[in-house]
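Q: Shown below is the structure under consideration.
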Amino acid sequence: DTEVTQTPKHLVMGMTNKKSLKCEQHMGHRAMYWYKQKAKKPPELMFVYSYEKLSINESVPSRFSPECPNSSLLNLHLHALQPEDSALYLCASSHAAGEFYNEQFFGPGTRLTVL
Amino acid sequence: AQSVTQLDSQVPVFEEAPVELRCNYSSSVSVYLFWYVQYPNQGLQLLLKYLSGSTLVKGINGFEAEFNKSQTSFHLRKPSVHISDTAEYFCAVSRTDSWGKLQFGAGTQVVVTP
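Which chain is which? The protein sequence lines are A and B, in order.
Quick note on the working numbering: the first sequence kicks off at 1 and runs consecutively.
Quick note on the working numbering: the second sequence kicks off at 1001 and runs consecutively.
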């Protein structure tokens, strides 16, 4: 299985809602990532987890809260978002630090719209 | 610091014609280099990667890229494109001393027409 899956595919939420994005991989990877991608732009790194611990936070606002319950799962909890947070949220996974190289495998993304 | 520059924001090309997408980078340390493709409304798919060794790298879907250390370039080529190659292409760089952080170029939109 060389796939990263993400649910839901689409999400529409109000600014007062709380929602979560889910990402799953079964490739035995120990590093998982969240990216945000605005239209016509490259992905921007948000968070990196290595061995279920948060290792990189790219100064992301606290209304985005990541969680890594186990080595296969990665969640992104959303609360009190702003319309400018509307974007495609991509999850990726790779071998962790100390492994041979850092090839990242991406999921299909969740298209988030904040009203 | 490092940077990745994709010189062309959009490349129109006719079906069965060759295409070259240019990528230049700057970095104070050694890097790994990647090309990803993103089809409309999808995630990113790895086309090919350069880690070390032969400077000519072959990838999926008939793409290849050449690493040129002196020119700090990693240009992507395909000798004959198909309509299905219409997509956004991203060059990305990862420092060898800083795993976990991929820096992407701005992207090149390839539009293939009959």
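Backbone N, C-alpha and C define an ideal beta-carbon position, used for all residues, glycine too.
Near B:L1051, which residues of its chain fall below 7 Å by C-beta distance, leaving aside the five closest residues on each side in sequence?
A: In the second sequence, residue 1051 of chain B corresponds to position 51, counting from 1. Around B:L1051: Y1032.
Q: If you draw a straight line from the alpha carbon of A:L78 to that of B:K1069, how long is it in whole angstroms?
A: The sequence position of residue 78 of chain A within the first sequence is 78, counting from 1. The sequence position of residue 1069 of chain B within the second sequence is 69, counting from 1. For A:L78 and B:K1069, the distance between alpha carbons rounds to 43 Å.
Q: What is the rounded straight-line gap between the Cα of A:L90 and the Cα of B:Y1036?
A: Position 90 of the first sequence, counting from 1, holds the residue named residue 90 of chain A. Position 36 of the second sequence, counting from 1, holds the residue named residue 1036 of chain B. So the two alpha carbons sit approximately 14 Å from each other.
Q: Using a C-beta cutoff of 8 Å, does B:Q1042 count as contacting chain A?
A: Along the second sequence, one-based indexing puts residue 1042 of chain B at 42. It does: the Cβ of B:Q1042 has a partner Cβ on chain A nearer than 8 Å.
Q: Using the beta-carbon of each residue, which ones in chain A are nearer than 9 Å to B:L1048?
A: Counting from 1 along the second sequence, the entry for residue 1048 of chain B is found at position 48. Within chain A, no residue comes near B:L1048; the closest Cβ sits about 10 Å away, beyond 9 Å.
Q: Would you give the residue range spanned by the beta strand (DSSP E) that A:H29 belongs to?
A: Start at 1 with the first residue of the first sequence, and residue 29 of chain A comes out as number 29. Premise fails: A:H29 is in no beta strand (DSSP E) and is neither H nor E.
Q: If you draw a straight line from the alpha carbon of A:V12 to that of A:V114, how long is it in whole angstroms?
A: Walking along the first sequence from the start, residue 12 of chain A turns up at place 12. Walking along the first sequence from the start, residue 114 of chain A turns up at place 114. About 6 Å.
Q: Spell out the partners DSSP gives A:A92 in its beta bridges.
A: Residue 92 of chain A sits at position 92 when you count from the first residue of the first sequence. DSSP, once it has assigned bridges, lists A:Y33, A:F106 as partnering A:A92.
Q: Apart from the five residues on each side of it in sequence, which residues of its chain come closer than 8 Å, Cβ to Cβ, to A:G14?
A: Start at 1 with the first residue of the first sequence, and residue 14 of chain A comes out as number 14. Closer than 8 Å at Cβ, skipping near neighbours: V114, L115.
Q: Apply the 10 Å Cβ neighbour rule to B:T1108 and answer buried if 16 or more other Cβ atoms are within range, or exposed otherwise.
A: Along the second sequence, one-based indexing puts residue 1108 of chain B at 108. It is buried - the Cβ of B:T1108 has at least 16 other Cβ atoms within 10 Å.
Q: Under the three-state reduction of DSSP, which class applies to B:N1024: helix, strand or coil?
A: Walking along the second sequence from the start, residue 1024 of chain B turns up at place 24. Three-state DSSP puts B:N1024 in a strand.
Q: Can you look up B:S1003 in the DSSP assignment and give me helix, strand or coil?
A: Taking the first residue of the second sequence as position 1, residue 1003 of chain B is located at position 3. DSSP places B:S1003 in strand when its eight states are reduced to three.
Q: Considering only residues of the same chain and omitting the five flanking positions on each side of B:T1072, which have a CB-CB separation below 7 Å?
A: For this step, residue 1072 of chain B is matched to residue 72 along the second sequence. Counting only Cβ-Cβ distances below 7 Å, and skipping sequence neighbours, we find N1024, Y1025, S1026.
Q: Rounded to the nearest angstrom, how far is the Cβ of A:A96 from that of A:A31, given a contact under 8 Å?
A: Counting from one through the first sequence, the residue named residue 96 of chain A turns up at place 96. Counting from one through the first sequence, the residue named residue 31 of chain A turns up at place 31. Contact flag correct, Cβ pair sits at about 4 Å.
Q: Does the beta carbon of A:E103 sit closer than 8 Å to a beta carbon anywhere in chain B?
A: Your numbering for residue 103 of chain A matches position 103 in the first sequence. For A:E103, the answer is yes, since a Cβ of chain B falls inside 8 Å of its Cβ.
Q: Should A:M15 be listed as close to the ligand GDP, given that the test is whether its C-beta is under 7 Å from any heavy atom?
A: The model on display carries no ligand, and the ligand GDP is accordingly not part of it.
Q: By the three-class DSSP mapping on this structure, what secondary structure does B:E1015 have?
A: Indexing the second sequence from 1 puts residue 1015 of chain B at position 15. Here B:E1015 sits in coil by DSSP.
Q: By how many angstroms is the C-alpha of A:N17 removed from the C-alpha of B:Y1039?
A: Position 39 of the second sequence, counting from 1, holds the residue named residue 1039 of chain B. Position 17 of the first sequence, counting from 1, holds the residue named residue 17 of chain A. Looking at the two C-alpha atoms, the distance is approximately 30 Å.
Q: Cβ closer than 8 Å: which chain B residues qualify as neighbours of A:L45?
A: Taking the first residue of the first sequence as position 1, residue 45 of chain A is located at position 45. Within chain B, the residues near A:L45 are K1101, L1102.
Q: Could I get the ranges of all uninterrupted beta strand (DSSP E) runs contained in the segment 1047-1087 of chain B, with 3 residues as the minimum, in chain order?
A: The segment 1047-1087 of chain B contains these whole beta strand (DSSP E) runs: 1056-1058, 1064-1068, 1073-1078.
Q: Using beta carbons (cut-off 8 Å, strictly below), is B:F1090 in contact with chain A?
A: Indexing the second sequence from 1 puts residue 1090 of chain B at position 90. Yes, its Cβ sits closer than 8 Å to a Cβ of chain A.
Q: B:A1106 versus chain A: which residues are under 7 Å apart at the beta carbon?
A: The residue labelled residue 1106 of chain B in the question sits at position 106 within the second sequence. What B:A1106 touches in chain A: P42.
Q: Any Cβ of chain B within less than 8 Å of the Cβ of A:F106?
A: Here the question's residue 106 of chain A lines up with position 106 in the first sequence. Yes, because at least one Cβ of chain B sits closer than 8 Å to the Cβ of A:F106.
Q: Once DSSP output is grouped into helix, strand and coil, what is the label at A:P69?
A: As a position in the first sequence, residue 69 of chain A is number 69, starting the count at 1. Here A:P69 sits in strand by DSSP.
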